[in-house]
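Participant: This structure is in structure tokens; I'll ask about it shortly.
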Amino acid sequence: MLNFKDHELVKITTSALNAKEARDEITIAYSKRMAFLRNDPLWQGNLPAIQAETLSYTALMADKLLETLRASKQIDTTFAERLWFEPKVGDGDHSTITVYLASPDKNTELLTIDGALTPNGRLIAKNLPTLLQITAKDPELGYTDGELQALAAMIKVLYTADLSFATIDETVLQPVDGLSFATKFDNSKPLSTTVEIKSSGNIKLAVPLDHGSVISYQVLDDNGHDWKDLGADDTVDDTLTWASTTIPNELVGAHLRLQVNVRAAENSPALDELFVIASNNAILMRQAGRGAYALDLPNHNVLSIKLDTENNRIVLHYPEKTVHVMELNHQYPFFGEWLKAVLPQRRAFN
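The following block contains the structure:
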């Protein structure tokens, strides 16, 4: 279905492109082709034809990405020759590319490139090493050391094309830098301030948030009744203020307490767990700014942790951008021990 008289397609098919160039150029070419078909009365309602066209472009994407992997000097040549890609079209014009590793007796499904022709395409792990596997007492990963090195190198190439896994739970063959996951914050100690009501009418209460993110708040009297709806709140300069102009006579002589529940970087059980595990391995954790922490590793690199209280997430940063979780864990097993303690689905942490 590809038109090889199209100069753009000829250039794509005949040029030695890296992974990012191949993905970008094929995605753009496909987008242009789909725009034409969907605005042509002959083809716009012809789903089978559109799917066939999508499959052709997906196959081209698969061929060019496989070409980049086999040309990579970081991937063992014998391993690269064992790779093969299977393009498929699903509902509508959604397509996938499944990556297999061939052996004499079987084909091992490694991963899938989901939404291969879309800007938000991503990787989905199938039979790749996981966190639970590498932290087991006697890990059985199903691959030789050479195959693991080649798998890691392959995924690094795919990451250069802005293709990545969605979660740490899928596989440890993904970069430490930029890794993020959901976490919980201990909100059991709310911030508060209390005033005595001297007269009816106007009142204003303010609580400094100390850079915490507001979850909820209450305005409670001595009996625990919430008068929040009697006024309105505003947050300026890291301070939540509640004000009312309609305080009733019945509250005169009573107390009102503005109680604010916040997510604060200092109240992270997952961070506390890291502090303990790292300390037990003679690695100290230090504060590196508001909501930021750092571990100075013996290899003179710094593992940085950023607490995103707005989105309930922990974000990791590492100076060597392509080092995978499995690689760092091999050098510093405390890292995998910590991740295993807080992931996956550990209710106390995320």
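Count along the sequence shown starting at 1, add 50, and that's the number in our numbering.
All residues carry an ideal CB built from backbone N, CA and C; glycine is no exception.
Every value quoted in this text rests on a predicted model; they were computed, and no experiment measured them.
1. From what residue to what residue does the beta strand (DSSP E) around ASN330 run?
2. Check whether the segment 316-328 touches the segment 265-275, counting contact only when three or more Cβ pairs, one atom from each stretch, lie closer than 8 angstroms.
3. Enumerate, from N- to C-terminal direction, the unbroken beta strand (DSSP E) stretches of 3 or more residues contained entirely within the segment 252-299.
4. Flag this pair as yes or no: are the beta carbons of LEU259 and VAL312 separated by less than 8 angstroms?
5. Are the beta-carbon atoms of ALA293 and LYS356 separated by less than 8 angstroms?
6. Check whether the segment 298-311 touches the segment 238-250, taking contact to mean three or more Cβ pairs, one atom from each stretch, closer than 8 angstroms.
7. If you reduce the DSSP assignment to three classes, tell me which class TYR150 lands in.
8. Out of ILE218, GLY262, ASP276, which has the shortest C-alpha to C-alpha gap to LEU393?
9. Could you give the first and the last residue of the continuous beta strand (DSSP E) run that contains LEU173?
10. Applying the criterion that 16 or more other CB atoms from any shown protein chain within 10 Å of the CB defines a buried residue, is ILE78 buried or exposed?
11. Check each candidate in LYS123, ASP113, GLN183 and name the one with the smallest Cα separation from VAL149.
12. For MET335, which beta-bridge partners are listed by DSSP?
13. I'd like the span of the beta strand (DSSP E) that includes PRO137, first residue to last.
14. Indicate the three-state DSSP secondary structure (helix, strand or coil) for GLN381 in the structure shown.
15. Would you tell me roughly how many angstroms separate the C-alpha atoms of PHE54 and ASP126, rounded to the nearest one?
16. Give the straight-line distance between the Cα atoms of ASN170 and HIS144, rounded to the nearest whole angstrom.
17. Please report the straight-line C-alpha distance between TRP277 and THR359, rounded to a whole angstrom.
18. Using a 10 Å radius around the Cβ and a threshold of 16 neighbouring Cβ atoms, would you call PHE399 buried or exposed?
19. Within 10 angstroms of the Cβ of ALA216, are there 16 or more other Cβ atoms? Answer buried if so, exposed if not.
20. Can you look up THR162 in the DSSP assignment and give me helix, strand or coil?
21. So which of VAL257, GLY341, GLY251 has the shortest CA-CA distance to ILE364?
22. Using the C-alpha atoms, what's the distance from ASN351 back to LEU334?
23. Comparing C-alpha positions only, which one of ASN299, GLN124, ILE265 sits nearest to THR285?
24. In the structure shown, what three-state DSSP assignment does SER401 receive?
25. I'd like to check one pair, TYR209 with LEU167: are the Cβ atoms closer than 8 angstroms?
26. The alpha helix (DSSP H) that contains LEU115, what's its start and end?
27. What is the residue span of the beta strand (DSSP E) that PHE215 lies within?
Facilitator: Taking the definition as stated:
1. Run containing ASN330: none in the beta strand (DSSP E); it sits in the alpha helix (DSSP H), 319-330.
2. no
3. With a minimum length of 3 residues, the unbroken runs of beta strand (DSSP E) contained wholly in the segment 252-299 fall at 263-270, 282-286, 289-297.
4. yes
5. no
6. As far as the Cβ criterion goes, the segment 298-311 touches the segment 238-250, which means the pair count is three or higher.
7. strand
8. ILE218
9. 172-175
10. exposed
11. ASP113
12. MET335 pairs with LEU345.
13. 133-139
14. helix
15. 32 angstroms
16. 12 angstroms
17. 27 angstroms
18. In this prediction, PHE399 scores a pLDDT of 49, lower than 50, which makes its location untrustworthy; no coordinate-derived value is stated.
19. exposed
20. strand
21. GLY341
22. Distance between the alpha carbons of LEU334 and ASN351: 13 angstroms.
23. ILE265
24. This structure leaves residue 401 out entirely; the chain is present only between 51 and 400.
25. no
26. 97-121
27. Counting along the chain, no beta strand (DSSP E) covers PHE215, and no H or E run does either.
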